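**Student:**
There are 2 protein chains.
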Amino acid sequence: MNIDMIDAAAGRLNGVALRTPLLSSPFLDEIAGRRVFVKAECLQHTGSFKFRGGWSAVSAMDMAARARGVIAYSSGNHAQGVALAARRHAAPCVILMPSDAPRVKIDNTRALGAEVVLYDRATGDRDAIGAALAEDRGLTLIKPFDEPHVIAGQGTTGLEIAEQAAAEGVHEADVLVCCGGGGLTSGIALALEAKAPGLRARPVEPEGFDDVKRSLASGGIERNNRTSGSLCDAIITPSPGQITFPIMARLCGSGLAVTEDEALAAMAAAFARLHVVLEPGGAVALAAALYHPGEIEGDAVIAVASGGNVDAAVFRTALERFGGA
Amino acid sequence: MNIDMIDAAAGRLNGVALRTPLLSSPFLDEIAGRRVFVKAECLQHTGSFKFRGGWSAVSAMDMAARARGVIAYSSGNHAQGVALAARRHAAPCVILMPSDAPRVKIDNTRALGAEVVLYDRATGDRDAIGAALAEDRGLTLIKPFDEPHVIAGQGTTGLEIAEQAAAEGVHEADVLVCCGGGGLTSGIALALEAKAPGLRARPVEPEGFDDVKRSLASGGIERNNRTSGSLCDAIITPSPGQITFPIMARLCGSGLAVTEDEALAAMAAAFARLHVVLEPGGAVALAAALYHPGEIEGDAVIAVASGGNVDAAVFRTALERFGGA
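Top line first, the protein sequences correspond to chains F and X. The first sequence maps to residues 155 to 479 in the numbering used here. The second sequence maps to residues 155 to 479 in the numbering used here.
1) Should X:A479 be labelled buried (16 or more other beta-carbon atoms within 10 Å of its own) or exposed?
2) Can you tell me the Cβ-Cβ gap for F:C196 and F:A459, rounded? I've got them flagged as a contact below 8 angstroms.
3) Taking F:A327 and F:A319 to be in contact with their CB atoms under 8 angstroms, please state how far apart those CB atoms are, rounded to whole angstroms.
4) Would you mind telling me which residues of chain B sit closer than 7 angstroms to F:L473, beta carbon to beta carbon, in chain order?
5) If you count every other CB in all the chains shown that lies within 10 Å of the CB of F:E433, and 16 or more means buried, which is it?
6) If we cut at 8 angstroms on Cβ distances, does F:V431 have a partner in chain X?
7) Let me check understanding here. Comparing Cα to Cα, which of F:P357, F:A466 and F:S369 lies closest to X:R475?
8) Could you tell me the alpha carbon to alpha carbon distance between X:N156 and X:I296, rounded to whole angstroms?
9) Tell me, please, whether the segment 436-448 of chain F touches the segment 166-182 of chain X by the rule of three or more beta-carbon pairs shorter than 8 angstroms.
10) Can you name the start and end residues of the beta strand (DSSP E) that X:R189 belongs to?
11) How would you list, in chain order, the residues of chain F whose beta-carbon sits under 7 angstroms from the beta-carbon of X:A265?
12) Based on Cα-Cα distance, which residue from F:G383, F:D415, F:A454 and F:L338 lies nearest to F:I401?
13) Expressed to the nearest angstrom, what Euclidean distance is found between the alpha-carbon atoms of X:M159 and X:K349?
14) Please state the DSSP three-state secondary structure of X:A479.
15) For X:A214, which option in X:A268, X:T263 and X:A245 has the closest C-alpha, if you only look at C-alpha atoms?
16) What are the boundary residues of the beta strand (DSSP E) that includes X:P298?
17) Considering only DSSP beta bridges, list what X:C247 is partnered with.
18) With 9 angstroms as the C-beta to C-beta threshold (strictly closer), list the residues of the segment 402-429 of chain X near chain F in chain order.
19) Go to X:D415, then tell me how far its alpha helix (DSSP H) extends in each direction, as first and last residue.
20) Which residues bound the alpha helix (DSSP H) around F:E184?
21) Spell out whether any CB of chain X is found under 8 angstroms from the CB atom of F:A479.
22) Taking only beta carbons into account, state which residues of the segment 196-210 of chain F come closer than 7 angstroms to chain X, listed in chain order.
23) Less than 8 angstroms between CB atoms is the rule here; does F:P394 satisfy it with respect to chain X?
24) Looking at the C-beta of X:L338, does it have a partner C-beta in chain F at a distance below 8 angstroms?
25) Can you list the residues of chain X that F:L177 reaches, using a CB-CB cut of under 7 angstroms?
26) Between F:D300 and F:G395, how many whole angstroms is the CB-CB distance? I'm expecting something under 8 angstroms.
27) Excluding sequence positions up to five away, which residues of its chain have a Cβ less than 6 angstroms from the Cβ of X:T200?
28) Name, please, each residue of chain F whose Cβ falls closer than 7 angstroms to the Cβ of X:F462.
29) Assign F:V255 to one of three DSSP states: helix, strand, or coil.
30) Answer with buried or exposed for F:L473, where buried requires no fewer than 16 other C-beta atoms within 10 angstroms of its C-beta.
31) Verify the CB distance criterion: does X:G165 have a CB-CB separation below 8 angstroms to chain F?
32) Would F:T310 count as contacting chain X if we go by Cβ distances under 8 angstroms?
33) Measure the beta-carbon distance from X:A424 to X:V430 and round it to whole angstroms, keeping in mind my assumption that it falls under 8 angstroms.
34) For X:R188, which residues of its own chain have a beta-carbon under 8 angstroms away from its beta-carbon, when the five flanking residues on both sides are left out?
35) Just reading off the beta strand (DSSP E) that X:L238 is part of, what are its end residues?
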């Protein structure tokens, strides 16, 4: 896993993935007490950065394997990213999803041409079910984060951040990344190491699900006590990956954790000031930038807004509670 | 008023305005029955394309005039665009706003450093009040649309559309533009004439306020019976301009008009499928693309999403009525 794989993924994604803008607002700068830049991956195809990793993995397969098809398991965004990437490659696609995933994500994944298989998150073993399905049908499993081609795809976000930050005159800053299993965070960290060594990736998680923060602090892989019951469902995973954790341990600054209310308030701020739609899990990095200024260094901060697939009811709640009139 | 002025404005805006992305979603393509591309000017600085025109005008002034300051009258988006452009040039800025403008727009304009003077839209003569203020203080009036440097700035949106459409392989299409006085529409029309002659600008307005559509049909400047009482306040003007109308009459296809409900439904669709926030007046072009397919030609359509400055209460209404769960 190295920068050459990320550069190669960028080549395969060129003209396919959206080069998402780096947004800013003087109003957010005022809240944070420093310049704030938001990498708006919520605008990416399928509404999250996951399309990058999905495309990177599917486009790297040999043609025979692609013709048999792919399988992925995901709480939703990885599913959509893989489904669209597979459809555009004319590859069959099976998605294994928890039965409590947001309705909009299940519907969207089916509409993107994938066959959705549901399982019970509390009682089913996702890995075992996925492996059996893959073997039965000759499908290639595309893991959500602990897979080099996926990490390479997510890392292309970091290549763009390096260029866009330099264009803004920002050469030293914390880059806050919404973090589940660490695919996006480790990919960005590798890209920044090579292209913008003054920028430092730092994972951000919801309080109570901060396995990566605790793992970075202890030096070993820590687990969450539970993996459901958070509004930030998109970034809840049991623990960091075997591939992603060593990368993060080597390159990342310490982790941050925010409350659900801070994530909802960041969604309302992004609505009013940037005019983008964030899901709770996609808003935790911006929440840390806005509401944890004392834990951040430097006169500028970059926050990755990783996804925007949110039920209308949850978004209305964020606006009712934090959106003013 | 010609393409050279737009190219010159693009030079002044280079590195200052955001090059906004051209967004798409297979879900929107399905609704419209053709490929749909959305030029997301809601992501522009200050939340609308108006920053382009404001910056273009302020940056074109001589230094002595700029030091005396500028004045603008606006229902809100032009005000914010001019205010930020003036602040970044260290120029004093007075904004004359109707007292019934959305609260968020008044607050934002003040927060951007402008002095806001309110007047009654029903009884006050905006032009007379503005002219008197300008003379008293030596301010330069920056008109919202009927002003060559402003049209040139808005026209830079069209330069980007020409390039971005070509990159998507789209060489013939209707370009639907949210239209008030016609500054954005005429600027885009001029840019497309020079750079992408297969693309044709068409103005879109709210039903009941379709002065431009009727003017294009009759060949002379028509007026609206009223200029208040629409959710689409950002694009309500009495009539097309003396400069903008001849350009639109020469270059534009026929106008379209959509209902307020269609604008709200387009806001909900943009929320769910593109993850951007649109205001009602900024959503009318997308509404026409999605819900008036029979009035559009070609297998692709481009809609300009011109602004995203919307009160949270109005946005919640759009989601409650058209956003599903």
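Cβ coordinates follow ideal geometry from the N, Cα and C atoms, glycine included. Every value quoted in this text rests on a predicted model; they were computed, and no experiment measured them.
**Tutor:** To lay it out plainly:
1) Any reading at X:A479 is ruled out, since the residue's pLDDT is 42, under 50, leaving its predicted position unreliable.
2) Confirmed, about 5 angstroms.
3) 7 angstroms
4) Within the model displayed, chain B is absent; protein chains F and X are what it includes.
5) buried
6) yes
7) F:A466 is the residue among F:P357, F:A466 and F:S369 whose C-alpha sits nearest the C-alpha of X:R475.
8) 19 angstroms
9) no
10) R189 to A194
11) In chain order: F181.
12) F:L338
13) One alpha carbon belongs to X:M159, the other to X:K349, and they sit about 14 angstroms apart.
14) Model confidence at X:A479 stands at a pLDDT of 42, short of 50, so the residue's coordinates are unreliable; what they give is reported in the following sentence. In the structure shown, X:A479 sits in coil (DSSP, three-state: anything other than H, G, I, E or B).
15) The shortest Cα separation from X:A214 among X:A268, X:T263 and X:A245 belongs to X:A245.
16) Here X:P298 belongs to no beta strand (DSSP E), and DSSP marks it neither H nor E.
17) X:V224
18) A422, A424, F425, A426, R427, L428 and H429
19) E414 to A423
20) P180 to A186
21) The predicted model places F:A479 with a pLDDT of 42, which falls under 50 and marks its position as unreliable, so this point remains unresolved.
22) C196, L197 and G201
23) no
24) no
25) L197
26) Yes, F:D300 and F:G395 are in contact; Cβ-Cβ is about 3 angstroms, under 8 angstroms.
27) Q234, G235 and L238
28) Note that residue 462 of chain X corresponds to Gly in the displayed sequence, not to Phe. The CB of X:G462 comes closer than 7 angstroms to the CB of H429 in chain F, given here in chain order.
29) A small fix is needed here, since residue 255 of chain F is Ala in this sequence, not Val. Coil at F:A255, not helix or strand.
30) buried
31) In terms of beta-carbon proximity, X:G165 stays away from the interface with chain F, with every pair separated by 8 angstroms or more.
32) no
33) Contact flag correct, Cβ pair sits at about 5 angstroms.
34) P447, I450, G452, D453, A454 and V455
35) X:L238 -> not in any beta strand (DSSP E); alpha helix (DSSP H) instead, spanning N231 to R242.
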